[in-house]
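Student: The working numbering numbers the first residue of the sequence shown as 1075 and each following residue consecutively.
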Amino acid sequence: MTRRDLIHKWLVYALGLLPVWLLDAYILPRVPLWGTVPMLLPLAAAAVAVLEGAYYAGTGFGMAVGLLWELAYPGGFGGMVFFLALAGMAMGAVSQYALSQSYPGCLICSAGVLALLGFLRVAGWLFVNGAGLSDLLQVAVPEFLWSLAWSLPVWLLFRAIYNRVGGTKLA
């Protein structure tokens, strides 16, 4: 695959990330369900990592999604760049070697990254005594389920992109 093909491929993936980010940042926060808003950016990282693999694609796209998250949302400390890069690498490796590169594999990887992210957020709030465990779980569990419900549309979007330009199709 030439450098031009590679740039074209990742530009198309970045353009596919745009509607996911617009939904995540501007549309879904206006209509919270169960008092929570879904997190779609980790789902996008999971979908691309499952489709493209671990080492360069999953890690790089996860890092890019984490950077977008840190720059677009207030209150970040830079940890999402590192977290989503590692998550992209892990999800890509798991889907490449243990699971299939299909929607059930993406669903399992998405559930894993959302659960770990929710656990870290709950643990952080418990550490600073921001709220009780039951109060935090009343928010974290619906957020996890509501986010996971969006995994199919996100998967279908990135699967369509993968079918067009993914892997070595441009070579």
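Every residue gets a Cβ at the ideal spot worked out from N, C-alpha and C, and that includes glycine.
Is the CB-CB distance between LEU1158 and TRP1143 below 9 Å?
Tutor: Position 84 of the sequence shown holds residue 1158. Position 69 of the sequence shown holds residue 1143. Yes. Within cutoff.
Student: Would you mind giving the Cβ-Cβ distance between ALA1123 and GLY1136, rounded to the nearest angstrom? I have them listed as a contact below 8 Å.
Tutor: Stepping through the sequence shown from its first residue, residue 1123 is reached at position 49. Stepping through the sequence shown from its first residue, residue 1136 is reached at position 62. With 8 Å as the limit, ALA1123 and GLY1136 qualify as a contact, their Cβ atoms being about 6 Å apart.
Student: Are the CB atoms of GLU1217 and MET1113 within a distance shorter than 9 Å?
Tutor: Locating residue 1113 in the sequence shown gives position 39, where the first residue counts as 1. Locating residue 1217 in the sequence shown gives position 143, where the first residue counts as 1. A contact, by the Cβ cut-off of 9 Å.
Student: Below 8 Å CB to CB, which residues in the same chain sit around LEU1107 once its five sequence neighbours on both sides are set aside?
Tutor: One-based indexing of the sequence shown puts residue 1107 at position 33. Around LEU1107: PRO1216 and TRP1220.
Student: Which two residues bound the contiguous alpha helix (DSSP H) that contains ASP1209?
Tutor: Against the sequence shown, residue 1209 aligns to sequence position 135. Here the alpha helix (DSSP H) through ASP1209 covers 1207-1223.
Student: Apply the 10 Å Cβ neighbour rule to ALA1172 and answer buried if 16 or more other Cβ atoms are within range, or exposed otherwise.
Tutor: Here residue 1172 is taken as the residue at index 98 of the sequence shown, counted from 1. Looking at its Cβ environment, which holds fewer than 16 other Cβ atoms inside 10 Å, ALA1172 is exposed.
Student: Tell me whether LEU1091 is buried or exposed, calling it buried when 16 or more other Cβ atoms sit within 10 Å of its Cβ.
Tutor: Here the question's residue 1091 lines up with position 17 in the sequence shown. Under this definition LEU1091 is a buried residue.
Student: What number of angstroms, rounded off, separates the C-alpha of VAL1139 from the C-alpha of TRP1199?
Tutor: One-based indexing of the sequence shown puts residue 1139 at position 65. One-based indexing of the sequence shown puts residue 1199 at position 125. VAL1139 and TRP1199: Cα-Cα distance of roughly 24 Å.
Student: Apart from the five residues just before and just after GLY1127, which ones in its own chain have a Cβ nearer than 6 Å to its Cβ?
Tutor: The residue given as residue 1127 occupies position 53 in the sequence shown. Contacts found: GLY1166 and GLN1170.
Student: CA-CA distance, GLY1134 and TYR1087?
Tutor: Here residue 1134 corresponds to residue number 60 of the sequence shown, with the count starting at 1. Here residue 1087 corresponds to residue number 13 of the sequence shown, with the count starting at 1. Cα to Cα, the separation comes out at about 12 Å.
Student: So, are the CB atoms of LEU1191 and SER1225 less than 9 Å apart?
Tutor: As a first step, residue 1191 must be located in the sequence shown, where it is residue number 117. As a first step, residue 1225 must be located in the sequence shown, where it is residue number 151. Cβ atoms of LEU1191 and SER1225: not closer than 9 Å.
Student: What's the gap between the Cα of ARG1104 and the Cα of PRO1093?
Tutor: By 1-based counting over the sequence shown, the position of residue 1104 is 30. By 1-based counting over the sequence shown, the position of residue 1093 is 19. Each residue's Cα considered, the two are about 16 Å apart.
Student: Based on the DSSP output, what are the partners of LEU1107 in its beta bridges?
Tutor: For the purposes of this step, residue 1107 is identified with residue 33 of the sequence shown, where counting begins at 1. Bridge partners of LEU1107: THR1110.
Student: Considering just the uninterrupted stretch of the alpha helix (DSSP H) at ILE1182, what are its terminal residues?
Tutor: Here residue 1182 corresponds to residue number 108 of the sequence shown, with the count starting at 1. First-last of the alpha helix (DSSP H) with ILE1182: 1177-1201.
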